[in-house]
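Presented below is the structure to which this report refers.
Number of protein chains: 2
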Amino acid sequence: MIFSKSFGYALRGVLYIEMAGESKSMVQLDEIARELAIPRHFLGKVMKKLVKEGVVNSLKGPFGGFSINEKTKETSLLQLVDMTGEPEEFSSCVLRLRKCNAKNPCPMHHQIESLRQQWQTLLTSTTIGDLIRKDMPDFIKSIAVI
Amino acid sequence: MIFSKSFGYALRGVLYIEMAGESKSMVQLDEIARELAIPRHFLGKVMKKLVKEGVVNSLKGPFGGFSINEKTKETSLLQLVDMTGEPEEFSSCVLRLRKCNAKNPCPMHHQIESLRQQWQTLLTSTTIGDLIRKDMPDFIKSIAVI
DNA sequence: TGATTAAAAGATATTAATGTCTTTTATTGT
DNA sequence: ACAATAAAAGACATTAATATCTTTTAATCA
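These protein sequences, in sequence, are chains F and Z. Just so we're aligned: 115 in the working numbering is position 115 of the first sequence, and the numbers increase by one with no gaps anywhere. Remember, the working numbering sits 1000 above the position in the second sequence when you count from 1.
Here's what the structure looks like:
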């Protein structure tokens, strides 16, 4: 496993807001949680973080809910990973060896470092908007419930 | 984070047994845990699994401890990952999207699949013996305590 | 046989991630 | 102001990974 459930919830949640927001201004937690089969209150906490970070907007009260903003589509997956609190992710030696770094590399350091770089690049260069643009029709199925 | 602590303990533990075993026939849990700064009893449980899988040998009683066997150096890192119980690892979509597979791929499916493949290949083709052979002198520092 | 040693096994504790439930706060319309 | 709505916030429960402690089992030696 690479990403936390929280990350998956955040990503699918934002994507759902993007999609459902095309036909209405506000998308409510109830609907998102129901359609994506995500625990409602837990999703609420995850979304709260994204609101604090400015990735999506929210409004309380009647006709309230969540909506996308200028930042939403520009947000990279790596940012989303950070916001949903992956503790260190790729920071230390994935083999969990000590004192492993470029100067004193473990035997697999360079190979792993290459993969890590590719992975990091992919996550940094891919934005939420990219995911929307690519192949929307099939993709809609991907974020929905099983 | 990619691998569990258990995996790291297992790998460092086996490597320590390999190294320390050069000068004595049996390496004891006490010594391994102390030198690698790993919780003793927890390491014991991890090592127990490896013994059950035949990756290392163990002997109870005085002059007992752990020792390597024919299988030790041939064991791949992927096998070690499995033995230390990563639940699913790379099995489903890392973005945690549903219904994501080769036929109905999520937008990042192919890029991620490529990285996953590289990673899997690396873990499958690298054995514990490989880690020992590569650059032992510096490497010894890597598995030891901070 | 009995004492000692060390792994194996079992029971329990801690911690972080996840999940659930209740209360509070902000917004809207009457 | 009041009722209704929906997110925010807080309290608590569950689960899995990790950690600790105790008891049991197997081996050695005197």
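Backbone N, C-alpha and C fix where the C-beta goes; we use that ideal spot for every residue, glycine too.
Whole-angstrom distance between residue j and residue i, CA atom to CA atom
| i | j | result |
| --- | --- | --- |
| Phe1066 (chain Z) | Ile1132 (chain Z) | 17 angstroms |
| Thr84 (chain F) | Asp1130 (chain Z) | 37 angstroms |
| Phe1063 (chain Z) | Ser1004 (chain Z) | 31 angstroms |
| Ile1002 (chain Z) | Lys1073 (chain Z) | 23 angstroms |
| Leu1050 (chain Z) | Asn1057 (chain Z) | 8 angstroms |
| Met108 (chain F) | Leu1036 (chain Z) | 19 angstroms |
| Asp30 (chain F) | Leu43 (chain F) | 10 angstroms |
| Lys60 (chain F) | Glu113 (chain F) | 45 angstroms |
| Ala10 (chain F) | Leu115 (chain F) | 25 angstroms |
| Lys71 (chain F) | Gln117 (chain F) | 25 angstroms |
| Pro105 (chain F) | Leu1122 (chain Z) | 16 angstroms |
| Ser25 (chain F) | Met1047 (chain Z) | 57 angstroms |
| Lys1103 (chain Z) | Ser23 (chain F) | 29 angstroms |
| Lys1045 (chain Z) | Lys45 (chain F) | 36 angstroms |
Span of the alpha helix (DSSP H) around residue i
| i | result |
| --- | --- |
| Phe1003 (chain Z) | Per DSSP, Phe1003 (chain Z) belongs to no alpha helix (DSSP H) and is neither H nor E. |
| Gly44 (chain F) | Arg40 to Lys52 |
| Leu78 (chain F) | Leu77 to Met83 |
| Ser1125 (chain Z) | His1109 to Ser1125 |
| Leu36 (chain F) | Leu29 to Leu36 |
Short CB-CB distance (under 7 angstroms) between residue i and chain Z
| i | result |
| --- | --- |
| Pro62 (chain F) | no |
| Leu59 (chain F) | no |
| Gln120 (chain F) | no |
| Leu43 (chain F) | no |
| Leu131 (chain F) | yes |
| Ile17 (chain F) | no |
Host beta strand (DSSP E) of residue i (start-end)
| i | result |
| --- | --- |
| Ser67 (chain F) | Gly65 to Ile68 |
| Asn57 (chain F) | Val56 to Leu59 |
C-beta neighbour in chain F for residue i, strict 7 angstroms
| i | result |
| --- | --- |
| Gln1028 (chain Z) | no |
| Leu1115 (chain Z) | yes |
| Gln1111 (chain Z) | yes |
| Pro1107 (chain Z) | yes |
Of the listed residues the options, nearest to residue i (C-alpha basis)
| i | options | result |
| --- | --- | --- |
| Gln111 (chain F) | Z:Ile1112, Z:Gln1120, Z:Cys1106 and Z:Pro1107 | Z:Gln1120 |
| Arg1012 (chain Z) | F:Tyr16, F:Phe42, F:Cys100 and F:Gln118 | F:Cys100 |
| Asn1069 (chain Z) | Z:Leu1059, Z:Gly1061, Z:Lys1060 and Z:Val1055 | Z:Val1055 |
Own chain partners of residue i with C-beta closer than 6 angstroms, once the 5 adjacent residues on each side are dropped
| i | result |
| --- | --- |
| Ala1020 (chain Z) | Val1027 |
| Thr124 (chain F) | Ser76 and Leu78 |
| Arg1040 (chain Z) | Ala1033 |
| Glu1018 (chain Z) | Ile1068 and Ile1132 |
| Leu97 (chain F) | Cys106 |
Neighbourhood of residue i by C-beta distance below 8 angstroms, restricted to the same chain and skipping five residues each side
| i | result |
| --- | --- |
| Phe1007 (chain Z) | Leu1080, Val1081, Thr1084 and Glu1086 |
| Val1145 (chain Z) | The predicted position of Val1145 (chain Z) is uncertain, since its pLDDT is 47 and thus under 50; no value can be drawn from it. |
Same chain, Cβ closer than 7 angstroms to residue i, five either side skipped, listed in chain order
| i | result |
| --- | --- |
| Thr127 (chain F) | Lys73, Glu74, Thr75 and Ser76 |
| Lys52 (chain F) | none |
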